[in-house]
Each structure stands twice: as C-alpha cells, then as structure tokens.
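Enquirer:
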Amino acid sequence: MMADHGDPCSTSEASYCMNGGQCFKIPFMSTLTCVCNESYKGRQCEEDVRSISGADGGEKGLIIAVVIIVLLLVVVVSTLIYIEHRKEREISNPQRAEEDRTEEERDRHEGNINGRQDTCC
85 MMADHGDPCS TSEASYCMNG GQCFKIPFMS TLTCVCNESY KGRQCEEDVR SISGADGGEK
145 GLIIAVVIIV LLLVVVVSTL IYIEHRKERE ISNPQRAEED RTEEERDRHE GNINGRQDTC
205 C
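Everything in the sequence shown is counted per the numbering used here, starting at 85 for the first residue and increasing by one.
#1: Note down the Cα distance separating ASN177 from ARG170, rounded to an integer number of angstroms.
#2: DSSP three-state label for GLU188, please.
#3: Please state whether the Cβ-Cβ distance between VAL119 and GLN106 is less than 9 Å.
#4: When you compare only the Cα positions, how much space is there between ASP91 and ASN121?
#5: Using the Cα positions of TYR166 and ARG173, report the straight-line distance between them to the nearest angstrom.
#6: Please look up how many angstroms separate the CB atoms of THR117 and PHE108, rounded, as I've assumed it's under 8 Å.
#7: Just how far apart, CA to CA, sit ALA98 and GLY145?
#8: Which value, in whole angstroms, describes the spacing of the CA atoms of SER162 and ILE147?
#9: Could you check which residue in THR115, ASN103, LEU155 has the C-alpha nearest to that of GLY126?
#10: Let me know the secondary structure DSSP gives MET85 once reduced to three states.
#11: Between which residues of its own chain and TYR100 is the CB-CB distance below 6 Å, once the five residues before and five after are set aside?
In structure tokens, the structure reads:
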C-alpha cells in the first residue's frame with residue numbers, strides 16, 4: 085500500500101521512528117522518513133514539542149508584559165485618584181489648601197534666600 089509519504093517500512097525498519105511515529109520508505113531514494121504525531125517532531129520524532137523551551141519563553145514573555153502593563157495601570161490610576169482627592173480637599177477646605185500653598189512657597193522662598201536651592205534629603 086502506497087501512502088503520500090512512501091511505502092510503509094518493513095517490520096525491521098519500523099523501529100526507526102520513535103514515540104509512535106509512522107515509518108515510511110521513499111522508494112526512489114531508499115530513505116526512511118517518519119510521520120510524527122502532533123506531540124513530537126524531528127527526523128525520527130525524537131523531540132517532544134511540549135518540552136521545547138522556546139514555546140515556554142513566549143508564554144513567559146507574554147505574562148511579564150501583562151504584569152508590567154497592570155502595574156503601570158495601577159500607578160496611573162493611583163496618581164489620578166490622588167490628584168482628584170487633593171482637588172476635592174481644596175474645594176471643601178480652601179483655607180487649608182491656601183495654608184498648604186503658602187507653606188510650600190515660604191519653604192521655597194527661604195531656600196532661595198539662604199543661597200541654596202531646594203534639595204531633597
């Protein structure tokens with residue numbers, strides 16, 4: 085019986101393919117070839133597709149990208165909430181907001197008068 089891949093191998097040649105691959109002989113070349121099941125690849129079906137690290141690396145990269153995006157979203161949302169909260173505080177207590185601004189300006193002004201620039205820590 086002839087298949088698309090050639091004639092089936094003889095009983096002695098059938099062990100050429102590993103992991104359940106089907107062995108065929110290409111008649112005009114006298115070469116053995118294997119048709120692997122979906123879990124294996126390679127000349128003799130010797131490579132387990134599920135254990136190849138390249139596929140896992142792609143998944144790891146995707147997971148890392150998603151985590152980074154989520155963290156950035158958390159930072160942006162937190163910043164927006166802080167800004168909104170501060171605006172609400174200024175509206176609800178304008179005197180306190182003015183005192184905060186005056187205190188910040190005074191600190192900035194005193195820093196410039198003393199001949200030093202504002203530095204942190």
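Backbone N, C-alpha and C fix where the C-beta goes; we use that ideal spot for every residue, glycine too.
Expert: Result, derived from the coordinates:
#1: So the alpha carbons of these two residues sit roughly 10 Å apart.
#2: In the structure shown, GLU188 sits in a helix (DSSP, three-state: H, G or I).
#3: Taking a C-beta distance under 9 Å as the contact criterion, VAL119 and GLN106 qualify as a contact pair.
#4: Each residue's Cα considered, the two are about 18 Å apart.
#5: The alpha-carbon atoms of TYR166 and ARG173 are separated by roughly 10 Å.
#6: Indeed they touch by this definition, with Cβ atoms about 5 Å apart.
#7: Roughly 40 Å separates the two Cα atoms.
#8: For SER162 and ILE147, the distance between alpha carbons rounds to 22 Å.
#9: Proximity to GLY126 across THR115, ASN103, LEU155 peaks at ASN103, based on C-alpha coordinates.
#10: In this prediction, MET85 scores a pLDDT of 39, lower than 50, which makes its location untrustworthy; the coordinate-derived value is nonetheless stated afterwards. Three-state DSSP puts MET85 in coil, outside helix and strand.
#11: Once the five neighbours on either side are set aside, the close Cβ partners of TYR100 are CYS107, LEU116.
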